[in-house]
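Participant:
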Amino acid sequence: MGFVVAIDGPAGTGKGTVTKIIAEDLGLVYIDTGAMYRCVTLTALRKNVKPVECDELIEILENIEIELKPNEENFLNGENVSAQIRTPQIDDNVAKFAALKVVRDKMTLLEQKMGKDGNVIMEGRDIGTVVFPDADVKIYLDCSVEERARRRYKQNLEKGIEISYKDVLESIKQRHKLETQREIAPLRQAEDAILVDSTNMTIEEVVEKIEKIIKQKMK
Ligand code: DC
Numbered sequence: 045m046g047f048v049v050a051i052d053g054p055a056g057t058g059k060g061t062v063t064k065i066i067a068e069d070l071g072l073v074y075i076d077t078g079a080m081y082r083c084v085t086l087t088a089l090r091k092n093v094k095p096v097e098c099d100e101l102i103e104i105l106e107n108i109e110i111e112l113k114p115n116e117e118n119f120l121n122g123e124n125v126s127a128q129i130r131t132p133q134i135d136d137n138v139a140k141f142a143a144l145k146v147v148r149d150k151m152t153l154l155e156q157k158m159g160k161d162g163n164v165i166m167e168g169r170d171i172g173t174v175v176f177p178d179a180d181v182k183i184y185l186d187c188s189v190e191e192r193a194r195r196r197y198k199q200n201l202e203k204g205i206e207i208s209y210k211d212v213l214e215s216i217k218q219r220h221k222l223e224t225q226r227e228i229a230p231l232r233q234a235e236d237a238i239l240v241d242s243t244n245m246t247i248e249e250v251v252e253k254i255e256k257i258i259k260q261k262m263k
């Protein structure tokens with residue numbers, strides 16, 4: 045195993061943004077595992093496959109090819125789906141697919157392969173608890189639910205997606221419930237993970253804090 049940094053936490057904590065910056069600063073390969081679950085969801089929705097363990101879903105998983113490029117473009121069976129996997133429709137459906145054992149088993153396997161040889165920083169929900177329980181560094185990035193909704197609301201506006209703050213908050217709460225209460229690999233802080241609460245921190249402050257922790261382990 046190479047050097048593995050696991051960053052877990054709920055949506056809207058700034059996980060993606062800080063992980064990307066840290067990867068660049070420290071020369072680690074950035075892996076966004078949420079994008080992988082989003083690719084599965086996009087394929088299923090396109091084929092009208094429901095979020096249940098059925099033959100159609102198994103077939104999708106058997107044939108799925110996901111490529112996460114260094115420039116953060118995501119390819120699904122050769123197609124650039126970077127924008128299609130970030131729509132509110134995917135936001136609202138992905139947690140249901142991510143709760144299924146067949147989906148998690150396949151994604152976990154792919155993630156373990158990606159982290160096997162290189163030095164990686166991998167962000168998700170279960171990286172420190174399930175995918176790499178022996179990761180060199182484990183961070184649990186948290187943030188209040190209201191602040192998370194505010195950030196997602198702002199991001200949506202920037203992307204031209206108009207959804208009220210109230211609806212964003214509701215969707216975030218709903219997703220959080222599904223992610224923390226699911227049976228398999230629920231979102232939780234690993235016992236040996238370091239908690240960073242970003243509610244009242246700037247991106248720069250979070251980056252600095254996490255880089256300090258990683259650098260100590262890299263020595
Ligand atoms: O981080 P994100 O919002 O792009 O994640 C999309 C969904 O995938 C979210 O519902 C949580 C789920 N997910 C997961 O269950 N395990 C991971 N390692 C990464 C994401």
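Following this note's numbering from start to finish, the sequence shown increments by one per residue and tops out at 263.
Glycine is no exception: its CB is placed at the ideal position from the N, C-alpha and C atoms.
Output the boundary residues of the alpha helix (DSSP H) element that contains isoleucine 207.
Facilitator: No alpha helix (DSSP H) holds isoleucine 207; DSSP gives it neither H nor E.
Participant: Going by C-alpha distance, which of Val62, Gly46, Met45 is nearest isoleucine 183?
Facilitator: Looking at the Cα atoms, Val62 is the closest of the given residues.
Participant: Would leucine 120 count as contacting chain C if we go by Cβ distances under 8 angstroms?
Facilitator: Among the chains of the structure shown, chain C does not appear; only one protein chain is present.
Participant: Tell me whether the beta-carbon of isoleucine 254 lies closer than 8 angstroms to the beta-carbon of isoleucine 66.
Facilitator: Result yes, Cβ atoms of isoleucine 254 and isoleucine 66 sit closer than 8 angstroms.
Participant: DSSP three-state call for isoleucine 108: helix, strand or coil?
Facilitator: If DSSP states are grouped into helix, strand and coil, isoleucine 108 belongs with coil.
Participant: Valine 174 and tyrosine 81 look like a contact to me (Cβ under 8 angstroms); what is the Cβ gap, rounded to whole Å?
Facilitator: Contact flag wrong, Cβ pair sits at about 13 angstroms.
Participant: Measuring straight from C-alpha to C-alpha, what distance separates aspartate 161 and tyrosine 74?
Facilitator: So the two alpha carbons sit approximately 13 angstroms from each other.
Participant: Taking 7 angstroms as the cut-off, does the CB of alanine 139 come closer than this to any heavy atom belonging to the ligand DC?
Facilitator: Flag set: Cβ of alanine 139 near the ligand DC.
Participant: Return yes when at least one heavy atom of the ligand DC lies under 7 angstroms from the C-beta of glutamate 223, else no.
Facilitator: Yes.
Participant: If I'm right that glycine 56 touches isoleucine 216 with Cβ under 8 angstroms, what's the distance once you round it to whole angstroms?
Facilitator: With a Cβ gap of about 6 angstroms, glycine 56 and isoleucine 216 count as contacting.
Participant: With distances taken Cα to Cα, identify the nearest neighbour of aspartate 178 among Glu202, Asp149, Thr131, Glu235.
Facilitator: Considering only alpha carbons, the answer is Glu235.
Participant: If I follow the unbroken beta strand (DSSP E) through methionine 166, where does it start and stop?
Facilitator: Methionine 166 -> beta strand (DSSP E) spans 164 to 168.
Participant: Taking the Cβ atom as the reference point for each residue, do arginine 169 and aspartate 241 lie within a distance shorter than 8 angstroms?
Facilitator: Contact: no.
Participant: Run through the segment 106 to 152 for me and flag every whole beta strand (DSSP E) of 3 or more residues, listed as ranges in chain order.
Facilitator: Those beta strand (DSSP E) runs which fall completely within the segment 106 to 152 and span 3+ residues are 110 to 112, 118 to 120.
Participant: Under three-state DSSP, which class holds leucine 231?
Facilitator: Coil, per DSSP.
Participant: Considering only heavy atoms of the ligand DC, does any lie closer than 7 angstroms to the CB of aspartate 149?
Facilitator: Answer for aspartate 149: no, Cβ out of range of the ligand DC.
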